[in-house]
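Written below as structure tokens is the structure these notes are about.
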Amino acid sequence: MHEAAARILEEDGTARFTTNRVAERAGVSIGSLYQYYPSKEAILAGLIRALRAELLEDLRGAIDGAAGLSFAAAVEAVLKASLYHHTRRPQLAHALEQLETGLPLDAETLELKQRIRVLITGLLQEYGLEDVDQTAFDLIAITHGLAQAATMSGETDMDALFLRLRRAAFGYLGLDWRTPPA
34 MHEAAARILE
44 EDGTARFTTN
54 RVAERAGVSI
64 GSLYQYYPSK
74 EAILAGLIRA
84 LRAELLEDLR
94 GAIDGAAGLS
104 FAAAVEAVLK
114 ASLYHHTRRP
124 QLAHALEQLE
134 TGLPLDAETL
144 ELKQRIRVLI
154 TGLLQEYGLE
164 DVDQTAFDLI
174 AITHGLAQAA
184 TMSGETDMDA
194 LFLRLRRAAF
204 GYLGLDWRTP
214 PA
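So for the sequence shown, our numbering puts the first residue at 34; every next one is plus one.
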């Protein structure tokens, strides 16, 4: 049902998103849908949770893969993972970001968001940065904001977007963005 709901959001937007359309697209009866999701908000909350869980896994994989590398290389790996995540399904990500502001987030979604921040905080601590909580918050906001704005404006050159994101994040961290990480 999540995939059916995701496709409706991507193709038709939020205005045409209904439980009836999700059930029809998923090939199930409305009664079956309501057994698992009591409302369209519950479906949306499930999609948001799934998106956050994917981001957490993408970031965890990047951080694990960057073990033993320089700080600049580790940051670059995280930026690439985050950008990939945001550009995998940009219309879906954008729709869910808009809807998330109006939905009460359940405990699981809030925990996923916190785990993402803790993951980034841990990376920053590992490399000896100070004020890691604020820095993690800022890096997440920089990455999210730039990726979402670029993809929603129709940008398709992900290499150019990555270079701008790298420059912004490296500049914020005081790293030389002109030098490839070692």
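For glycine and all other residues, C-beta sits at the position ideal for the given N, C-alpha and C. For clarity, every value in this text was computed on a predicted model and none was experimentally measured.
Should residue i and residue j be called a contact, given that it needs their Cβ atoms to be closer than 8 Å?
| i | j | result |
| --- | --- | --- |
| Ala114 | Asp91 | yes |
| Leu132 | Thr47 | yes |
| Leu112 | Glu43 | no |
| Leu80 | Leu136 | no |
| Thr154 | Ala169 | yes |
| Leu89 | Leu129 | no |
| Thr142 | Arg211 | no |
| Ala105 | Leu208 | yes |
| Leu194 | Val108 | no |
| His35 | Ala83 | yes |
Using the C-alpha atoms, what's the distance from residue j back to residue i?
| i | j | result |
| --- | --- | --- |
| Ala37 | Leu152 | 31 Å |
| Asp45 | Val55 | 12 Å |
| Ala100 | Gly94 | 10 Å |
| Gly98 | Val165 | 21 Å |
| Ala274 | Leu156 | Given that the chain is displayed from residue 34 to residue 215, the structure contains no residue 274 and the question cannot be resolved. |
| Leu50 | Arg150 | Correcting the residue identity first, residue 50 is Phe in this sequence and not Leu. So the two alpha carbons sit approximately 30 Å from each other. |
| Leu102 | Thr184 | 29 Å |
| Ile96 | Arg148 | 13 Å |
| Leu66 | Pro123 | 26 Å |
| Leu162 | Gly187 | 35 Å |
| Asp171 | Gln68 | 40 Å |
| Met191 | Gly64 | 42 Å |
| Asn53 | Lys73 | 9 Å |
| Glu159 | Gln167 | 15 Å |
| Thr134 | Glu87 | 19 Å |
| Arg40 | Gln181 | 19 Å |
| Pro213 | Pro71 | 50 Å |
| Leu138 | Gly204 | 33 Å |
Provide the residue span of the alpha helix (DSSP H) that contains residue i, from first to last.
| i | result |
| --- | --- |
| Glu163 | Unbroken run through Glu163: none, as it is neither H nor E. |
| Ser62 | It is not in any alpha helix (DSSP H) - Ser62 carries neither H nor E in the DSSP assignment. |
| Tyr117 | 104 to 121 |
| Arg211 | No alpha helix (DSSP H) contains Arg211, which DSSP labels as neither H nor E. |
| Leu80 | 73 to 98 |
| Asp1 | Because the chain is modelled from 34 through 215, residue 1 falls outside the range shown and cannot be assessed. |
| Thr142 | 140 to 159 |
Is the Cβ of residue i closer than 8 Å to any Cβ of chain C?
| i | result |
| --- | --- |
| Pro137 | In the displayed structure, chain C is absent; only one protein chain is listed. |
I'd like to know if the stretch 118 to 128 and the stretch 57 to 73 are in contact, where contact means that at least 3 CB-CB pairs between them fall below 8 Å. The stretch 118 to 128 vs the stretch 57 to 73: no contact.
The stretch 166 to 177 / the stretch 190 to 203 touching (three or more Cβ pairs under 8 Å): When Cβ pairs closer than 8 Å are counted between the two stretches, the stretch 166 to 177 is seen to touch the stretch 190 to 203, the count reaching three or more.
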